[in-house]
Structures are given as structure tokens and as C-alpha cells.
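Q:
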Amino acid sequence: MKMASLTGRAAVVSFALLFSFLLAWHLATRGSGTAQHMDPEYAKLMGATATQGKSAMPGPIDVGVKLWEHLRRPFYDNGPNDKGVGIQLVFSIARVLIGYLLAMLVAIPVGFLIGMSPLMSKALDPFIQVLKPISPLAWMPLALYTIKDSSLSAIFVIFICSLWPTMINTAFGVASVRREWLNVAKTLEVGTLRRAFTIILPAAAPTILTGMRISIGIAWLVIVAAEMLVGGTGIGYFVWNEWNNLSITNVITAILAIGLVGMLLDFVLARLTRLVTFPE
Amino acid sequence: MSDRFISIEGIARRFPVPGVGTTTVFEDLWLSMLRGEFVCMIGHSGCGKTTVLNILAGLDAPSNGTVIVDGQAIEGPSLDRAVIFQSHALLPWRTVIGNVAYAVSSKWRNWSSVQVAAYAQKFIDLVGLKGAEHKRPAELSGGMKQRVGIARALSIEPKIMLMDEPFSALDALTRGTLQDEVRRVCQETGQTVFMITHDVDEAIYLADKIVLMTNGPGAVLAEIVENPLPRERTRNEFHKHPLYYATRNHIIDFLVSRSRTFINETRGTYDPRNVAVVCPGLPEPAIARTYDTSAKPNRGQQFAAH
Ligand SMILES: Nc1ncnc2c1ncn2[C@@H]1O[C@H](COP(=O)(O)OP(=O)(O)O)[C@@H](O)[C@H]1O
Ligand SMILES: [Mg+2]
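Protein sequence lines correspond, in order, to chains A and B. Going from the first sequence to my numbering is simple: count from 1 and add 985. Going from the second sequence to my numbering is simple: count from 1 and add 5.
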């Protein structure tokens, strides 16, 4: 018999792993032991968790049911503390995209400047070295104090954290454009602006997009934490709110959603990177 | 004064060396070329040939001296001087026609894209790449890449072509074909060509004059060998010419021994402004006369009459 393709075999292993995980999860969270004898009033107060020996951790089936509920009604809105996961995700994605795009508008030109000018590279280096390692969340109080708007502050934090990987990669990509390509432009008397767009940009594009991909990944990591801090809306706030409601099922559902959206964002950037990559 | 198209006037190039100060690749280097002339430069690796070519191209500036082209001192790269790079230097994100069109649209900035494409296509056909227009450089063989480089250089209709070991990375067969093509195209268009090569046969086949450069650092132009072969020569016949071996041996002898000893042997008598012109095949001493640009190289015609 012929061996199935690598992808096919990998899919089989993936499914097997997923199934084992779900099974283990199910077995671990299944109710065990019988209800203890206790005062019925007290049992009522304690709820099913304590009285039926059922684990507080929801099983995969509970989560599956919840997930199905969310999938059927992702965008319901019952007031500030009860919105669908879909709405919350849209809030988070919107913040990430706004902060991220603003950051790109700054990071790519500045990266170009640093990459093209050794003077600016040296002059800006100390600032970047100091600013880069600051946890984006450390900016939050400052942002809240100056901007006075929680949503804008979250966007600002996304902006700050998206800036560095793209800026540094752009500078590196621009500075390491092959000399012979620049010489081609020189011998053809290509002006600075045209050279930037027709030689440096395409040559550095794969490196720039790699930076942009790292940036979007970090932005998506940071938004959850930022929204937990500022509250109001967004998937981060949702997670925190459901934790306060002790709805672990909802928390797990949200975690899953965060992972999927993060994967999707990365996938889009990976596609774009492939588009501008050239074989040598 | 004669039609001195390119005149290298006393150029020097020094590079800083950490700890030592500077190293002088060459200094007080003089050389002139006539319009339509094909000049090859031969010398060992590291003697400064590429440096000379980069200065001619305007990609590098001499530490001293100037280069006059067509009556004007060069101040940087120019569309009048096309460069064919050793590493072909194609833009890998552009197709074959995209690479040539980039040069065409750089020269004629207000042409429409249709005009540019049609014009680029003409030169792609000229170098025999019809059918490969939409391939990317990564899909081409070394010889095809170099053809694109040649098409790109020709497409801007330069007054001078500068080639830095354009064929050294190619296999012998491809090299031969490309030499034929470069020869044909340059003759048809009356190009003035300055070419660096390692290959003595290539120089004899292509060049009107062969400039011999001694080893560096502090390299000098030892001689200018006037090619005694007729201008009309073919790949299959040129090595049967009675003066072929004399020329070849003279150059190889230079490369093997005299490139090392030349500077010491001529100390005190060497005049960088009057580099000896050698016509191989003449009775010894081989040095016929000092370099005089007013004398046309016409010996080839004499031998052609044989
Ligand atoms: N940018 C540079 N900095 C320092 N030295 C250089 C530089 N470019 C060339 N050289 C030196 O100049 C000499 C001549 O180089 P090059 O013109 O490339 O030689 P060739 O083309 O004849 O092989 C070499 O010894 C090389 O090390
Ligand atoms: Mg060289």
C-alpha cells in the first residue's frame, strides 16, 4: 500500500492528539463520588460543584455547548456587561488595527530614514534601545493620564508596542540592500525618491514585512492585557469579566477565540510576506 | 589634438587601512581611449582594475586626478556610461523585460509604458532572449542573466560601455557565444568599450588595445599592447593568424613574470604619461614607440592584406 502524503499523515496525528486531549480533559473534569450528606439549605448555597462532587472546571462538552451558543449569537448586546464574543472581538480587532496601522505609518518611514542615513541611525539608536524594552503596559498610566480616554489609551499602547519590530526590521532591511542594486540605480541616474520606491522598497520588503508580522503578533498579545486593565469593551475585558462571573466556560471559549484570531492575523501577514518575497 | 574620447588624467585611489594609514591602489595613472575603440585591461586579481572601472563609471571618485569623457570631467554616474557588472546585478523582483524596461524608463522618463516595453523588447530580441521576457532572474541560467545585463546596458544607448569581467562566471561555450554577440553589437553600434578580463584569448579576440596592469599595491600601467590582428576576425580563425601566438605569448609572459618585476626594472625610467605601446610580432625590441594618440592603429589592416 502506498503511504499517504505527509500532510495527510500529519492531519491524522493532529486529530489523534486533539482527541486524546479532549478525552483526558473530559475524564479529568467528569463528576466523581456521590453527593455528601449535608444540610439541604447549605447544599443549595454551595451549588452543584460542591454537592455533586463535580469539578469546578468545565469539561469539553460544556465548553462545546457554550461555544455553539456563542457561534449562534456572536453579536448580541444586552448592555455593558453582557455582549457577544463577536462584538468583543470586533472591538479588540479594531483597536489593534488602528494602533497597528498608525504605528506602521511611523515605523516604516522612520526605519527608512535610519536605514538610509548612518547619522540618523547613530543618533536615534540610544532612544530606540531605551524605549524598545519597556513593557507596553507600563505606558498605560501615562496614556490614561494624558489622553483621558481608556479606548484611546489602549490604541496608544498597541501603537507603541507595534512600533519597534517594524522600525528595526525596516532599518535593517534598508541598510542591507545589496550594493550592486544601488549601483544599478546610480548608473541609471535614478533620483532619490524613485530609488527609494523602485530599488530599496522592493529589496527590503521581505524584511519589512517580517517586522510587520512580528508587530501584529505582539499587538494581539498586548491588546488582551490592555483591555483587562482599561475595561469597558474588548475580548480582554470579556475574559476578565467572565472570570469575575466565575464563568470558566466563557473564559475558555474566549481563549480559543483569541488564539484563532491571532492565527488569522499572522496568516494574513505571512501571505503578504510571501507576495513580496523574491527568489534569488 | 586627436579624438581623445576618454582621458584618464593622473588618477590615484587610496583606501584607509585601520592602523596603518592608507594603502595606494594606484597613483598617477594616465590612459586615453579613442571613440569607438575596444580596450581590454588585464592584470592580476587585486591590482585595481575594478577600481579603475568604478571611477570611469562614476561610482567611485579618484583621490587625485580627473577623468575627462567627451570633453567633460566626470562628476558621477551617467546614463552615457553603461556598466555591465560581473555579478550581473539584475533586480530579482523584476522580470527580464522589467529589468530592461527599468533602464529604458530611467533614460526616457516621459515615455509611456507601451513605448518603454516595445523598446526594451527590441534589446531583449537583440541578445537572443525572445521568449524569456517574463521570466525572473532566478529562473535564468548564468549566461542568460548576463545577456539581460547586456541588453539593459545597450538599451540606454550609452556612449561608453564598461564591463567588469562580464563573462568570467560563465562556461566556455556560453562565454564564446556572448563574446561573439558583444563584438557584433559593439561593432554595429560603434560602441566605445572598456572591459576588464582575466582571459587572454578573450582580450585578443575582442580588443583593439590591451592594457597591461602590474600587480598592486601601487600598480602601474606597464604597456599598451596594440592588437595586430585585423579588425575583421572570427572566433574560428583568429588564433590562426600569424601574429596570434606572438601576442598571446607576450601577454602571458607579462602575467607570469613581468607583472611582478616591471616596477623595479623600470624604476627611474618609467613615465606614467607615456606608457609604452607594444606591437607584438615586430623585431625586438618589441616596444615600437611611445604612446601617441594621434597615430591610428592601422597595423591590423596591413596584416589583413596577407
Ligand atoms: N572599499 C575598499 N576599501 C579598502 N580597500 C579596497 C576597497 N576596494 C578595493 N580595495 C582594495 O583595492 C585593491 C584593488 O581592488 P580591485 O580594484 O577590486 O582589484 P581587481 O578588480 O583588479 O581585482 C585591492 O587590494 C582591494 O583590497
Ligand atoms: Mg575586480
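The C-beta atom is built at its ideal place from N, Cα and C for all residues, glycine as well. If you're wondering where the values come from, they're calculated on a predicted model, not measured in any experiment.
(1) Between residue 229(B) and residue 218(B), what straight-line distance do the alpha-carbon atoms span, to the nearest angstrom?
(2) Whole angstroms are fine: how far does the CA of residue 1259(A) sit from the CA of residue 1150(A)?
(3) Per the contact definition of three or more C-beta pairs closer than 8 Å, is the region 205-219 of chain B in contact with the region 44-60 of chain B?
(4) Could you check if residue 1253(A) is buried or exposed, using at least 16 other CB atoms within 10 Å of its CB as the buried criterion?
(5) If you compare alpha carbons, which of 73(B), 238(B), 68(B) is closest to residue 61(B)?
(6) Anything in the region 1075-1106 of chain A with a Cβ closer than 7 Å to a Cβ of chain B? List those residues in chain order, please.
(7) So which of 210(B), 112(B), 187(B) has the shortest CA-CA distance to residue 246(B)?
(8) With residue 1201(A) and residue 1134(A) assumed to form a contact (beta carbons below 8 Å), what rounded beta-carbon distance in angstroms separates them?
(9) Per DSSP, what kind of secondary structure is residue 1231(A) in: helix, strand or coil?
(10) What number of angstroms, rounded off, separates the C-alpha of residue 203(B) from the C-alpha of residue 173(B)?
(11) Below 7 Å, is the gap between the Cβ of residue 50(B) and the nearest heavy atom of ligand 1?
(12) With a threshold of 7 Å (Cβ to nearest heavy atom), would residue 169(B) be considered close to ligand 2?
(13) Taking 8 Å as the cut-off, does the region 1239-1247 of chain A touch the region 1162-1181 of chain A (at least 3 CB pairs, one atom from each stretch)?
(14) Could you check if residue 123(B) is buried or exposed, using at least 16 other CB atoms within 10 Å of its CB as the buried criterion?
(15) For residue 290(B), is the classification buried or exposed, using 16 other Cβ atoms within 10 angstroms of its Cβ as the cut-off for buried?
(16) Measuring only the C-alpha atoms, how far is residue 285(B) from residue 1183(A)?
(17) For the beta strand (DSSP E) holding residue 20(B), just list the boundary residues, first then last.
(18) Report buried or exposed for residue 262(B), applying the criterion of at least 16 other Cβ atoms within 10 angstroms of its Cβ.
(19) If I'm right that residue 132(B) touches residue 155(B) with Cβ under 8 Å, what's the distance once you round it to whole angstroms?
(20) Please decide whether residue 137(B) counts as near chain A, where near means a Cβ-Cβ distance under 8 Å.
(21) Can you tell me whether residue 53(B) is buried or exposed? The criterion is at least 16 other CB atoms within 10 Å of its CB, across all chains shown.
(22) Counting along the chain, where does the alpha helix (DSSP H) carrying residue 1092(A) start and finish?
(23) Do we get a CB-CB distance below 8 Å when we pair residue 1235(A) with the residues of chain B?
(24) Cα-Cα, which of 115(B), 145(B), 142(B), 106(B) is closest to residue 127(B)?
(25) Checking contacts by CB at 8 Å: is residue 143(B) closer than that to chain A?
(26) Just reading off the beta strand (DSSP E) that residue 230(B) is part of, what are its end residues?
(27) Report, in whole angstroms, the separation of the C-beta atoms of residue 225(B) and residue 268(B), which I expect to be a contact under 8 Å.
(28) Starting from residue 111(B), find everything on chain A with Cβ-Cβ shorter than 7 Å and list it in chain order.
(29) With DSSP as the reference, label residue 137(B) as helix, strand or coil.
(30) Using a Cβ-Cβ cutoff of less than 6 Å, which residues in the same chain neighbour residue 65(B) once the five nearest sequence positions on both sides are dropped?
(31) Along chain A, in chain order, which residues have C-beta atoms closer than 7 Å to that of residue 124(B)?
(32) Report the neighbours of residue 1263(A) on chain B: residues whose CB is nearer than 8 Å to its CB, in chain order.
A: On the basis of the coordinates in this document:
(1) The residue labelled residue 229(B) in the question sits at position 224 within the second sequence. The residue labelled residue 218(B) in the question sits at position 213 within the second sequence. Rounded to whole angstroms, residue 229(B) to residue 218(B) spans 9 Å at the Cα level.
(2) On the first sequence, position 165 is the one that residue 1150(A) refers to. On the first sequence, position 274 is the one that residue 1259(A) refers to. Near 19 Å, if we compare the C-alpha coordinates of residue 1259(A) and residue 1150(A).
(3) yes
(4) Start at 1 with the first residue of the first sequence, and residue 1253(A) comes out as number 268. Exposed, by the Cβ-count rule.
(5) Position 56 of the second sequence, counting from 1, holds the residue named residue 61(B). Out of 73(B), 238(B), 68(B), 73(B) has the C-alpha closest to the C-alpha of residue 61(B).
(6) none
(7) One-based indexing of the second sequence puts residue 246(B) at position 241. Closest option to residue 246(B), Cα to Cα, is 210(B).
(8) The residue given as residue 1201(A) occupies position 216 in the first sequence. The residue given as residue 1134(A) occupies position 149 in the first sequence. That pair is no contact at about 23 Å.
(9) Translated into the one-based positions of the first sequence, residue 1231(A) becomes position 246. Coil at residue 1231(A), not helix or strand.
(10) Here residue 203(B) is taken as the residue at index 198 of the second sequence, counted from 1. Here residue 173(B) is taken as the residue at index 168 of the second sequence, counted from 1. Distance between the alpha carbons of residue 203(B) and residue 173(B) is about 7 Å.
(11) Sequence index remark: in the second sequence, residue 50(B) carries index 45 (1-based). Yes, since a heavy atom of ligand 1 falls inside the 7 Å radius drawn around the Cβ of residue 50(B).
(12) Looking up residue 169(B) in the second sequence gives position 164. Indeed, a heavy atom of ligand 2 lies less than 7 Å from the Cβ.
(13) no
(14) As a first step, residue 123(B) must be located in the second sequence, where it is residue number 118. Exposed, since its Cβ has fewer than 16 Cβ neighbours within 10 Å.
(15) Within the second sequence, numbered from 1, the residue matching residue 290(B) stands at position 285. Confidence at residue 290(B) is low in this model, with a pLDDT of 48, below 50, so its placement is unreliable and no value can be given for it.
(16) What you label residue 285(B) is simply residue 280 of the second sequence in a count that begins at 1. What you label residue 1183(A) is simply residue 198 of the first sequence in a count that begins at 1. One C-alpha to the other measures close to 49 Å.
(17) Here residue 20(B) refers to the residue found at position 15 of the second sequence. Where residue 20(B) is concerned, the enclosing beta strand (DSSP E) stretches over 9-22.
(18) Counted from its first residue, the second sequence places residue 262(B) at position 257. Under this definition residue 262(B) is an exposed residue.
(19) The count along the second sequence starts at 1 and reaches residue 132(B) at position 127. The count along the second sequence starts at 1 and reaches residue 155(B) at position 150. With 8 Å as the limit, residue 132(B) and residue 155(B) qualify as a contact, their Cβ atoms being about 5 Å apart.
(20) Here residue 137(B) is taken as the residue at index 132 of the second sequence, counted from 1. Cβ-Cβ to chain A under 8 Å: no for residue 137(B).
(21) Against the second sequence, residue 53(B) aligns to sequence position 48. Answer is buried; the Cβ neighbour count reaches 16.
(22) The residue labelled residue 1092(A) in the question sits at position 107 within the first sequence. Where residue 1092(A) is concerned, the enclosing alpha helix (DSSP H) stretches over 1070-1101.
(23) In the first sequence, counting from the first residue as 1, residue 1235(A) sits at position 250. Chain B contact via Cβ: absent.
(24) The residue given as residue 127(B) occupies position 122 in the second sequence. That would be 106(B), whose Cα lies nearest to the Cα of residue 127(B).
(25) Sequence index remark: in the second sequence, residue 143(B) carries index 138 (1-based). True, the Cβ-Cβ gap to chain A drops below 8 Å.
(26) Walking along the second sequence from the start, residue 230(B) turns up at place 225. From DSSP, the beta strand (DSSP E) with residue 230(B) extends over 226-231.
(27) As a working mapping, residue 225(B) is identified with position 220 in the second sequence. As a working mapping, residue 268(B) is identified with position 263 in the second sequence. Indeed, because the Cβ distance is near 6 Å, the residues count as touching under 8 Å.
(28) Walking along the second sequence from the start, residue 111(B) turns up at place 106. Annotation: Cβ neighbours of residue 111(B) in chain A (cutoff 7 Å, chain order): 1173, 1174, 1175.
(29) Residue mapping note: residue 137(B) aligns to position 132 of the second sequence, counting from 1. Residue state, collapsed to three classes: coil.
(30) Here residue 65(B) corresponds to residue number 60 of the second sequence, with the count starting at 1. Setting aside the 5 residues that flank it on each side, residue 65(B) is surrounded in the same chain by 59, each with a C-beta closer than 6 Å to its C-beta; the list follows chain order.
(31) On the second sequence, position 119 is the one that residue 124(B) refers to. The premise fails here: residue 124(B) is roughly 15 Å from chain A at the closest Cβ pair, so nothing lies under 7 Å.
(32) For the purposes of this step, residue 1263(A) is taken as residue 278 along the first sequence, with counting starting at 1. By Cβ distance, chain B contributes 97, 98, 141, 143.
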